[in-house]
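Line by line, the protein sequences give chains H and S.
Using this note's numbering, the first residue of the first sequence is number 1, and each one after it goes up by one.
Using this note's numbering, the first residue of the second sequence is number 1, and each one after it goes up by one.
Have a look at the structure below before the remarks.
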Amino acid sequence: MARKLTVSFKLNGKPVDVVVEPRELLIHTLRERLQHTGPHIGCETSHCGACTVDLNGMSVKSCTVLTVQCQDAEVLTVEGFEQGGVLHALQEGFTMAHGLQCGYCTPGMITRAYRLLKENPSPTEEDIRYWMAGNLCRCTGYQNIVKAVRYAAEKISPVRA
Amino acid sequence: MIPREFEYHAPQNIPDALGLLEQFGDEAKLLAGGHSLLPMMKMRFAQPGHLIDLGRIRELKGIREDAGTLRIGAMTTENEIIWSKLLQDKCPLLVEGARLIADPQVRYKGTIGGDVSHGDPGNDHPALMLVVDASFVLKSSSGERVVPADGFFLGTYATAMSPGEIMTEIRIPVPALNTGYCYAKLKRKVGDFATAAAAVTLRMQGEKVQQVAIALTNVGATPLRARAAEDSLRGKPLDDTSIAEAARLAMSICDPALDQRGDAEYKTAMAGEMTQRALRTARLRTRR
Chain H
1 MARKLTVSFK LNGKPVDVVV EPRELLIHTL RERLQHTGPH IGCETSHCGA CTVDLNGMSV
61 KSCTVLTVQC QDAEVLTVEG FEQGGVLHAL QEGFTMAHGL QCGYCTPGMI TRAYRLLKEN
121 PSPTEEDIRY WMAGNLCRCT GYQNIVKAVR YAAEKISPVR A
Chain S
1 MIPREFEYHA PQNIPDALGL LEQFGDEAKL LAGGHSLLPM MKMRFAQPGH LIDLGRIREL
61 KGIREDAGTL RIGAMTTENE IIWSKLLQDK CPLLVEGARL IADPQVRYKG TIGGDVSHGD
121 PGNDHPALML VVDASFVLKS SSGERVVPAD GFFLGTYATA MSPGEIMTEI RIPVPALNTG
181 YCYAKLKRKV GDFATAAAAV TLRMQGEKVQ QVAIALTNVG ATPLRARAAE DSLRGKPLDD
241 TSIAEAARLA MSICDPALDQ RGDAEYKTAM AGEMTQRALR TARLRTRR
């Protein structure tokens, strides 16, 4: 068996150490070793975006990243969004705009939208659709997801009249 | 889906990476962004014994201009290309092409060097590289060579790179300011490879074509340079007749693989259509 490696990174701001085979995928480490089941396994082939996490300021599909690539990384999952019992503006937006039905894609959607709004605080609808295109939703038809992201954008960076 | 077992190496610099490559030979694969290789390893189409991750080598990143040449580190990601003001100003074709690759998450990881050196005829950068006269810097333990894009792509997953080499940089001569350009790509949905695509660069002299380059994606075992189509346009006005003839000549070299994206006749027709669209758009952009 390939030798196991110790990998240290920050998960939602807290330092974690895991001992993994090089072939272990980040999604499996997060879900099975670190009990962070917010990122979901959808297609497992880097198409659907359900496993999206934030890795060093990039939205990535954690089914297509090896855990050993994450040494010294900062990893953010949907579990890190709520602070002190208060939902993040995106979580509130998905609630208020009915941006989900079954909810399977939602953690990936929110995590992706988080990075999008960091990069572009007031995206147009076209921006949102283009830069959220790596996340599939089979319920909503996307209209309410776009509305949810716009709700959050407005709440985080209000446009002044 | 879990890859077969392998040993993982994360060198911090190019000499260390070359040393590992030499040490493990055929057993080793280079990991760039990992969005072609890792899926292949998960499917067990690729089963390297040693994975050499280039992700920690800083000198493989970055975009700069140096004496009329754009120099792009091989590990520069697609999103970094999209957000590069320098490329938007000096070689917007590359930005347009990168925007049509895969999806946002894949573009944070996927690299230009990985896309080029993988040799997948479905990848988009190879055709773009052909029409901007790019060349590739290949380093090995015995030195460095610079290989032009023209002649680099030999077949499906086959390029002129030797097993002991690492692609470190992509070099592109800064195109003349009045160069029109377009990458026209037909795909079934976001994230899909091209059904067919055409890359064009174009310079006009008055109403006549002075210089044109046309290359096609995913309609052959390699990207295809449409030389007869280019020759048919040089010195002629770009009108409906000359564009249709160029598209016919471009279609005549297509030999697409059959897959769920359509049969050979359809893909060839789409390559012609993409050629026409790319030429028309490039023409409009020569008038900047």
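Note that CB positions come from ideal geometry on N, CA and C, so glycine has one too.
- Within the same chain, Cβ atoms closer than 6 Å to the Cβ of Val-219 (chain S) are found at Ala-196, Cys-254, Pro-256, Lys-267 and Ala-271, the five residues on either side in sequence being excluded.
- Using a C-beta cut-off of 8 Å, the segment 94-102 of chain H makes no contact with the segment 33-46 of chain H, since fewer than three inter-stretch Cβ pairs fall below that distance.
- Residue-level contact check: Gly-97 (chain S) does not touch chain H, since none of the beta carbons of chain H fall below 9 Å from its beta carbon.
- The three-state secondary structure of Ala-17 (chain S), taken from DSSP, is helix.
- The Cβ of Ala-194 (chain S) sits no closer than 9 Å to any Cβ of chain H.
- Sequence-distant Cβ neighbours of Asn-12 (chain H) in its own chain, meaning closer than 7 Å and more than five residues away, are Leu-76, Thr-77, Glu-79 and Gly-80.
- Between the segment 140-148 of chain H and the segment 112-127 of chain S, the count of Cβ pairs shorter than 8 Å is below three; the stretches do not touch.
- Identification of chain S residues near Val-68 (chain H) by a Cβ-Cβ cut-off of 7 Å yields Tyr-8, ordered along the chain.
- For the segment 106-117 of chain S, the set of residues with a beta-carbon nearer than 9 Å to any beta-carbon of chain H comprises Val-106, Arg-107, Tyr-108 and Lys-109, in chain order.
- Here Glu-24 (chain H) has Leu-66, Thr-67 and Val-68 as same chain residues with Cβ atoms under 8 Å from its own Cβ, once five neighbours each way along the sequence are excluded.
- In this structure, Ala-17 (chain S) and Ile-63 (chain S) do not form a Cβ contact; the two beta carbons are roughly 21 Å apart against a cut-off of 8 Å.
- Counting only the Cα atoms, Arg-283 (chain S) lies some 27 Å from Asp-192 (chain S).
- When Cβ-Cβ separations below 9 Å define contact, Arg-31 (chain H) makes no contact with chain S.
- For Ile-243 (chain S), the three-state secondary structure derived from DSSP is helix.
- Its Cα nearest to that of Pro-163 (chain S), the residue S:Leu-21 stands out among S:Ala-228, S:Ser-142 and S:Leu-21.
- Contacts with chain H at 9 Å (Cβ-Cβ) do not include Met-204 (chain S).
- Three or more Cβ pairs closer than 8 Å define a contact, and the segment 235-242 of chain S falls short of that threshold against the segment 142-154 of chain S.
- By the C-beta criterion, the segment 66-75 of chain S is judged to be in contact with the segment 172-188 of chain S, since at least 3 inter-stretch pairs fall below 8 Å.
- By the C-beta density criterion, Met-43 (chain S) is exposed, having fewer than 16 other C-beta atoms within 10 angstroms.
- Of the residues H:Asn-135, H:Gly-141, H:Asp-127 and H:Cys-137, the one whose Cα lies closest to the Cα of Ala-153 (chain H) is H:Asp-127.
- His-9 (chain S) carries a strand assignment under DSSP once its states are collapsed to helix, strand and coil.
- Of the residues H:Thr-124, H:Cys-63 and H:Ala-89, the one whose Cα lies closest to the Cα of Ile-27 (chain H) is H:Cys-63.
- For Ala-28 (chain S), the secondary structure class from DSSP, reduced to helix, strand or coil, is strand.
- Looking at the backbone, the Cα of Thr-168 (chain S) and that of Arg-234 (chain S) are separated by about 34 Å.
- Using beta-carbon distances, Met-40 (chain S) does not count as an interface residue toward chain H, since no partner is under 9 Å.
- The three-state secondary structure of Glu-24 (chain H), taken from DSSP, is coil.
- Note on geometry: alpha-carbon atoms of Ala-50 (chain H) and Tyr-183 (chain S) lie some 30 Å from one another.
- Excluding five sequence positions before and after Gln-71 (chain H), the CB atoms of its chain that fall closer than 6 Å to its own CB belong to Val-7, given in chain order.
- Rounded to whole angstroms, Glu-59 (chain S) and Val-200 (chain S) show a C-alpha spacing of 31 Å.
- Using a Cβ-Cβ cut-off of 9 Å, Glu-5 (chain S) is close to Met-1, Ala-2, Glu-21, Pro-22 and Arg-23 of chain H, given in chain order.
- Counted as a single uninterrupted DSSP element, the beta strand (DSSP E) harbouring Lys-10 (chain H) occupies residues 5-11.
- Between Val-209 (chain S) and Lys-185 (chain S), the beta carbon gap of about 23 Å keeps them out of contact (Cβ cut-off 8 Å).
- The C-alpha of Leu-136 (chain H) lies about 34 Å from the C-alpha of Leu-130 (chain S).
- Val-146 (chain H): member of the alpha helix (DSSP H) spanning 143-156, first to last residue.
- As a beta-bridge residue in DSSP terms, Gly-180 (chain S) pairs with S:Leu-202.
- Between the alpha carbons of Glu-207 (chain S) and Leu-238 (chain S) lies a distance of about 7 Å.
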